[in-house]
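Numbering (mature numbering (1 follows the signal peptide of the UniProt record, and there is no 0)), first residue to last: -20 to -1, 1 to 287.
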């Protein structure tokens, strides 16, 4: 009996140790920890998303390409956990009803339970309960970030200074052009005949151009620098003076009739055109610095060797 009691006590004592060996802690964030299984779930979601954005198939070979990001992702996941602790402490955690409403929307989109299961599995989410947890966390982080971002302001003076100092907002000469794409040389000659009679270039483009990307805009290609277009097209474009129309230009796509509307000399993109992009960049960097400050109460210790 004593021997049996000893074995029972030993097995109960070793059970947590066995579980710890099977699912080790890979990060400690304040009072909470992240286990290897939790990391693998989130890293799996990251990998699927990254491969989809890169247009790569989800295979062992392509996943191996992203293995180098495991340790950096652990750091990001730990910082996210610290933000979640802050979100809960500051009252940004979503109410259960709001989470369930979003879950219900997903379930409604998949009337068949099997279809829902396959959709979740395809996204890397094992079940609806896990989806519910991930959704609540995402909603909490979104609310927290939205709250603090409203406090981030960029003065007009700072925007102008950044605009003046940022080389990426300089541009070389820009060629503002339109074109009409037709399948044959004979069709291109007919386009030139219509233009010679005084018909508007944009109207003819809308009627006959076969370029789906510019047809509805009257053949408008915007204002682009040298090096944007294929060689034959660009050679013809660069030979034009503002207001001139090219003779037919043959390329692998068909025959083009090109109008150079105007030439913008080298300079800067107008501040009013890039102000929103500039401000967003400043706010993004400010938010990154603010995150470092906000999570300071939650010390982070990483164990990447356990991944």
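Glycine is no exception: its CB is placed at the ideal position from the N, C-alpha and C atoms.
Can you give the beta carbon distance from residue i to residue j, rounded, assuming they're within the 8 Å contact cut?
i, j, result
"residue 90", "residue 124", "Their Cβ separation, rounded to whole angstroms, is 30 Å, which puts residue 90 and residue 124 out of contact at 8 Å."
"residue 117", "residue 275", "Going by Cβ atoms, the distance from residue 117 to residue 275 rounds to 15 Å, so no, they are not a contact pair."
"residue 239", "residue 225", "5 Å"
"residue 21", "residue 140", "In fact, because the Cβ distance is near 46 Å, the residues do not count as touching under 8 Å."
"residue 79", "residue 112", "6 Å"
Where does residue i land, buried or exposed, given buried means 16+ other C-beta within 10 angstroms?
i, result
"residue 107", "exposed"
"residue 246", "exposed"
"residue 229", "buried"
"residue 109", "exposed"
"residue 273", "exposed"
"residue 14", "buried"
"residue -16", "With a pLDDT of 36 at residue -16, under the threshold of 50, the predicted position of this residue should be treated as unreliable, though the coordinate-derived value follows. Per the 10 Å Cβ criterion, exposed."
"residue 57", "buried"
For residue i, which residues does DSSP report across the bridge?
i, result
"residue 231", "234"
"residue 80", "DSSP lists no partner for residue 80."
"residue 8", "13 and 281"
"residue 3", "Answer is none; residue 3 lacks a bridge partner."
"residue 247", "151"
"residue 158", "200 and 239"
"residue 225", "239"
Using a Cβ-Cβ cutoff of less than 8 Å, which residues in the same chain neighbour residue i once the five nearest sequence positions on both sides are dropped?
i, result
"residue 67", "73, 120, 121, 123 and 124"
"residue 12", "61 and 65"
Please work out which residues of its chain come closer than 7 Å, Cβ to Cβ, to residue i, disregarding the five sequence neighbours upstream and downstream, and give them in chain order.
i, result
"residue 53", "23 and 26"
"residue 201", "157, 158, 159 and 194"
"residue 283", "5, 6 and 7"
"residue -3", "Its pLDDT being 41, under 50, residue -3 is placed unreliably in this model, and the value from its coordinates should be taken loosely. No residues qualify anywhere along the chain."
"residue 249", "149 and 151"
Counting only the same chain and skipping the five closest in sequence on each side, list residues whose C-beta sits under 6 Å from that of residue i.
i, result
"residue 203", "154, 156 and 244"
"residue 278", "9, 10, 62 and 65"
"residue 168", "162, 228, 235 and 237"
* **Contact between the segment 192 to 201 and the segment 158 to 167 (3+ Cβ pairs under 8 Å)** => yes
* Can you find at least 3 beta carbon pairs, one from the segment 97 to 104 and one from the segment 43 to 51, that sit closer than 8 Å? -> no
* If you pair each beta-carbon of the segment 127 to 136 with each one of the segment 183 to 192, do three or more pairs fall below 8 Å? -> no
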